[in-house]
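First to last, the protein sequences are chains A and B. Under numbering that gives the first Met the number 0, the first residue of the first sequence carries the number 0, and numbering increases by one thereafter. Under numbering that gives the first Met the number 0, the first residue of the second sequence carries the number 0, and numbering increases by one thereafter. From the three backbone atoms N, C-alpha and C, an ideal C-beta is built for every residue, glycine too. Note that this is a predicted model, so its numbers are computed, not measured. A short write-up of the structure that comes next.
There are 2 protein chains.
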Amino acid sequence: MNYPNGIKKKETFHNISYKNRGMDLESDLNITNQYYRSIDKAHIYKKPTPIKIVKVDYESRHLATIKEAYFQEPSTTDYNGIYKGQYIDFEAKETKSTTSFSLNNIHKHQIRHLKNIVNHGGISFLIVRFVRLDETYLLKAQDLLLFLEKYDRKSIPLSYFQKKGYIIKNKINPRIDYLELIDQIYGGTI
Amino acid sequence: MNYPNGIKKKETFHNISYKNRGMDLESDLNITNQYYRSIDKAHIYKKPTPIKIVKVDYESRHLATIKEAYFQEPSTTDYNGIYKGQYIDFEAKETKSTTSFSLNNIHKHQIRHLKNIVNHGGISFLIVRFVRLDETYLLKAQDLLLFLEKYDRKSIPLSYFQKKGYIIKNKINPRIDYLELIDQIYGGTI
């Protein structure tokens with residue numbers, strides 16, 4: 000796999016603007032996480048894209064240029080960190096579909112990872128944005144796993160997000176306040 | 000900063016063998032974390048090296064080759080994950096010095112990050128290997144921060160690791176069982 004979704008998507012989305020939003024989900028999350036850090040609310044980061052480096056030119060001691068490298072499949076989710084002493088771990092994806100979220104968007108080992116985090120007491124979830132609907136959902140990893148156990152389907156219908164998920168309202172600052180939902184969902188337990 | 004320690008070190012260490020050890024700290028930690036995952040003890044990963052991609056060749060739909068990229072300074076530590084429901088976060092470094100660990104090895108924002116993790120209730124530490132002594136120490140982030148507050152020095156003497164740190168014994172499997180020490184240090188609290 001030399002062509003991760005992240006990169007491909009960016010290419011696509013740069014040329015299209017949906018409603019009043021010029022930002023993609025990744026940018027929104029980066030800004031949101033930066034905001035959380037700035038007010039010392041949570042320390043959650045996006046992991047760097049995994050890259051296999053093949054050739055490096057060491058032109059000088061302090062300037063190394065990577066001349067050949069390839070994208071690698073991520074073995075975990077994109078985001079993790081700490082909030083109220085709890086381990087937070089999630090994956091974020093956009094879809095252009097208006098009816099469902101294709102499970103091709105998540106790799107098997109990412110699902111295994113989400114399962115491990117749940118089993119070890121972490122707070123784990125999926126953030127999915129239906130770009131054309133301008134709707135962003137938070138779905139607990141438990142509910143994702145439940146869906147996968149119950150149904151043999153290649154995509155999760157929007158209705159499942161509407162029923163089991165939580166909608167994340169677009170705000171100015173932070174742009175997508177997912178921790179507000181985490182507070183609501185986990186209530187007094189964190 | 001286009002030349003992170005990780006890359007530089009590997010280059011250096013490939014040609015030198017110390018005592019019976021052929022492996023560097025990063026490899027030892029990767030194998031150890033893999034072992035922890037395989038027995039479902041903990042889910043701790045090394046973050047990918049942050050890289051700024053400048054030029055990509057999209058030769059075909061499924062093969063993208065990065066043709067120009069640069070190493071970036073990491074904004075956090077290298078390792079994080081979950082153990083017994085707790086957020087774990089640490090940095091690992093090797094030194095060839097036999098007397099002290101230079102603080103040039105850790106960036107200011109990494110120290111700030113370790114401080115944030117401690118303040119938010121995570122378990123945070125430093126693993127330092129004195130390669131020529133074949134000694135690997137675990138130093139709690141709290142004791143690193145204490146040192147920085149107390150002393151205006153450019154390096155931490157080995158004696159501080161001997162006094163405040165915990166030695167990680169070399170084992171066969173896992174190679175460096177740092178979670179055994181975490182159990183000892185945090186005892187019944189986790």
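Chain B within 9 angstroms of residue i, Cβ atoms only
| i | result |
| --- | --- |
| A:Asp88 | yes |
| A:Ile110 | no |
| A:Gln85 | yes |
| A:Ile30 | no |
| A:Pro156 | no |
| A:Pro47 | yes |
| A:Phe70 | yes |
| A:Ser99 | no |
| A:His106 | no |
| A:Tyr44 | yes |
| A:Asp176 | no |
| A:Asn103 | no |
| A:Gly121 | yes |
| A:Arg128 | no |
| A:Asn172 | no |
Own chain, CB closer than 6 angstroms to residue i, minus 5 neighbours either side, in chain order
| i | result |
| --- | --- |
| A:Asp224 | Past the boundaries of the shown model lies residue 224 of chain A; chain A is included only from 0 to 189, so the question cannot be answered. |
| B:Leu24 | Ala91, Glu93 and Arg128 |
| B:Tyr86 | Gly121 |
| B:Tyr57 | Ala63 |
| A:Asp151 | none |
Cutoff 7 angstroms; reference residue i; Cβ partners in own chain excluding five residues on either side
| i | result |
| --- | --- |
| B:Leu132 | Thr97 |
| B:Leu137 | Phe124, Ile126, Gly164, Tyr165, Ile167, Tyr177 and Leu180 |
| A:Ser71 | In the sequence as presented, Ser is not what sits at residue 71 of chain A; that position holds Gln. Same-chain partners within the cutoff: Pro49, Ile50 and Lys51. |
| B:Tyr159 | Phe146 |
| B:Arg36 | His42 |
| A:Leu157 | Thr98, Ser99 and Phe129 |
Test: residue i CB closer than 9 angstroms to a CB of chain A
| i | result |
| --- | --- |
| B:Glu67 | yes |
| B:Gly80 | yes |
| B:Gly164 | no |
| B:Ser26 | no |
| B:Lys74 | One point to set straight first is that residue 74 of chain B is Ser, not Lys, in the sequence displayed. Yes, its Cβ sits closer than 9 angstroms to a Cβ of chain A. |
| B:Ala41 | yes |
| B:Ile50 | yes |
| B:Ala63 | yes |
| B:Asn115 | yes |
| B:Met0 | Because the pLDDT of B:Met0 is 39, which lies under 50, any placement of that residue in the model is unreliable, and the question is left without a value. |
| B:Asn14 | Model confidence at B:Asn14 stands at a pLDDT of 39, short of 50, so the residue's coordinates are unreliable; what they give is reported in the following sentence. By this cut-off, B:Asn14 is not an interface position. |
| B:Arg36 | yes |
| B:Asn118 | yes |
Cβ shell of residue i (< 8 angstroms), same chain only, five flanking positions each side left out
| i | result |
| --- | --- |
| A:Val55 | Ala63, Thr64, Ile65 and Lys66 |
| A:Gln183 | Tyr165 |
| A:Lys170 | Asp176 |
| A:Asn32 | Ala41, Ile43, Tyr44, Lys45, Tyr78 and Gly80 |
Run of the beta strand (DSSP E) containing residue i, from where it starts to where it stops
| i | result |
| --- | --- |
| A:Gln71 | Segment: none, A:Gln71 is in no beta strand (DSSP E) and carries neither H nor E. |
| B:Thr94 | Gln85 to Thr94 |
| A:Val127 | Ile122 to Phe129 |
| B:Asn191 | With chain B represented from 0 up to 189, any question about residue 191 of chain B goes unanswered, as that position is not in the structure. |
| A:Lys40 | Note, A:Lys40: premise wrong, no beta strand (DSSP E); not H, not E. |
Endpoints, alpha helix (DSSP H) assigned at residue i
| i | result |
| --- | --- |
| A:Thr31 | Leu24 to Ser37 |
| A:Asn115 | Lys107 to Asn118 |
Beta-carbon separation (whole angstroms), residue i vs residue j, contact threshold 8 angstroms
| i | j | result |
| --- | --- | --- |
| A:Tyr34 | A:Lys51 | With 8 angstroms as the limit, A:Tyr34 and A:Lys51 do not qualify as a contact, their Cβ atoms being about 33 angstroms apart. |
| B:Gly84 | A:His119 | 6 angstroms |
| A:Asn191 | A:Lys46 | Any property of residue 191 of chain A remains undetermined from this structure, which presents chain A solely from 0 to 189. |
| A:Lys162 | A:Val130 | Actually they do not touch by this definition, with Cβ atoms about 21 angstroms apart. |
| A:Thr82 | A:Ile43 | Thr is not the amino acid found at residue 82 of chain A; the sequence shown has Tyr there. That belief holds up - the Cβ atoms of A:Tyr82 and A:Ile43 are roughly 7 angstroms apart, short of 8 angstroms. |
| B:Lys153 | B:Ser74 | Going by Cβ atoms, the distance from B:Lys153 to B:Ser74 rounds to 22 angstroms, so no, they are not a contact pair. |
| B:Glu93 | B:Ile105 | That belief does not hold up - the Cβ atoms of B:Glu93 and B:Ile105 are roughly 13 angstroms apart, past 8 angstroms. |
| B:Ile175 | B:Asp27 | 5 angstroms |
| B:Leu113 | B:Leu145 | That pair is no contact at about 12 angstroms. |
Contact test: residue i Cβ vs the ligand NAD heavy atom, cutoff 8 angstroms
| i | result |
| --- | --- |
| B:Asp23 | Looking at this structure, you won't find the ligand NAD or any other ligand, since it has none at all. |
Quick one: complete alpha helix (DSSP H) runs, 4+ long, within the stretch 137-187 of chain A?
-> 140-149, 157-163 and 177-185
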